[in-house]
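Read the structure below first, then the notes.
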Amino acid sequence: MDREIFSNLQTFIQLVNIATTESVGQWDEVALKKALRWGEYAEKLYTKVHQRQEIARKLSRCLKRIQLQLVCPPGREMTLEDLKNSRKLLVKNLLDNTSLPSEVYHLMLMSLSSQSLDSPLAGVLTLDEFMKFAEEGASQKSIVNVLTKVESSISEAVDDSFQPTADTLTDAHLLRTHLLYQAKKNNSESHIQSMDSLLHEVAAKQGGLEVIGTMVGLEKPRQPSCTEECLRECEELIFQWLVKNKDDYKNR
């Protein structure tokens, strides 16, 4: 197998493994795009060789050798077929990782919501697939902790003089996107109760009420994930929730 191909595959597999570690906590937009470009390389390599049996067998052996050298975690070994969906596998590993920064989660979510052909995730997976991965993954299970990492005083939340930090704005955008997506899927009474529970859970965390208060003042999304009516109803529910509950959390 060509040394350059071996080296490139080794780089990609290292990135796939790193996506499962705490090192992801240092990732930003540049790191995410770089990893996705390596994933795209792996997918193109698969397309080029998978129907050429002899080369495909050599590539499979190459993958095994790389993973033996890297000592990949048990159960996470990549096969030739896995290369076909390299970027999707990378995204899934990131969503399974509790160290995933909210900025990177938000970037991936916005990339899919924009439906732009220039998006780094264009054609990789659908928004439904992304949310399914997120709901199954550890990052979704701990979404409240991710959303409310901002360490500001709750007593300042929704104050007229309050100026949200960049992190607060990012978390507010992320939370609103998540709520709108869920509202699009289900606007039943059970969904409203679920939304109410999530807002209570977020508000109970340090800086959580601040994130919810910031969400009320956000500009309308350029390409919302639901209808105008859905957006208005969601905003109204959030506003009513704040009027009803904010004092309970501000006085804690």
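Going by the numbering used here, the first residue of the sequence shown is number 86, and it counts up by one from there.
Note that beta-carbon positions come from the ideal geometry of N, C-alpha and C, so glycine has one too.
These numbers were taken from a predicted model, which means no experiment stands behind them.
Proximity of the region 179–189 to the region 105–118 meets the contact definition, three or more beta-carbon pairs being nearer than 8 Å. When the beta-carbon positions are compared, residue 134 and residue 144 come within less than 7 Å of each other.
Put simply, the backbone Cα of residue 148 is about 7 Å away from that of residue 163.
Taking each of 285, 314 and 152 in turn and checking the Cα distance to residue 331, the smallest one comes out for 285. Remark: C-beta atoms of residue 92 and residue 124 do not approach each other more closely than 7 Å. Residue 127 and residue 195 have their C-alpha atoms some 24 Å from each other.
Distance from residue 189 to residue 210 at the Cβ level is roughly 16 Å; contact not present, criterion being Cβ atoms closer than 8 Å.
Residue 334 holds the alpha-carbon nearest to the alpha-carbon of residue 291 among 116, 320, 334 and 138. Annotated three-state conformation of residue 289 is coil, per DSSP.
Residue 256 and residue 295 have their C-alpha atoms some 10 Å from each other. With a beta-carbon spacing of about 6 Å, residue 323 and residue 300 fall inside the 8 Å limit used to define contacts. One thing to note: residue 131 has its Cβ no nearer than 7 Å to the Cβ of residue 185. For the alpha helix (DSSP H) assignment, the uninterrupted runs of no fewer than 4 residues enclosed by the region 160–193 are, from N- to C-terminal side, 171–180.
In this structure residue 266 is in contact with residue 216, their Cβ atoms being roughly 6 Å apart against a cut-off of 8 Å. Taking C-beta separations shorter than 8 Å and ignoring five residues to either side along the sequence, the partners of residue 97 in its chain run 123, 124, 126, 127 and 171, following chain order. Rounded to whole angstroms, the separation of the alpha carbons of residue 289 and residue 205 is 35 Å. Around the CB of residue 136, fewer than 16 other CB atoms lie within 10 Å, so the residue is classed as exposed. Annotated three-state conformation of residue 326 is helix, per DSSP. The three-state reading of DSSP puts residue 104 in coil, since its state is none of H, G, I, E or B.
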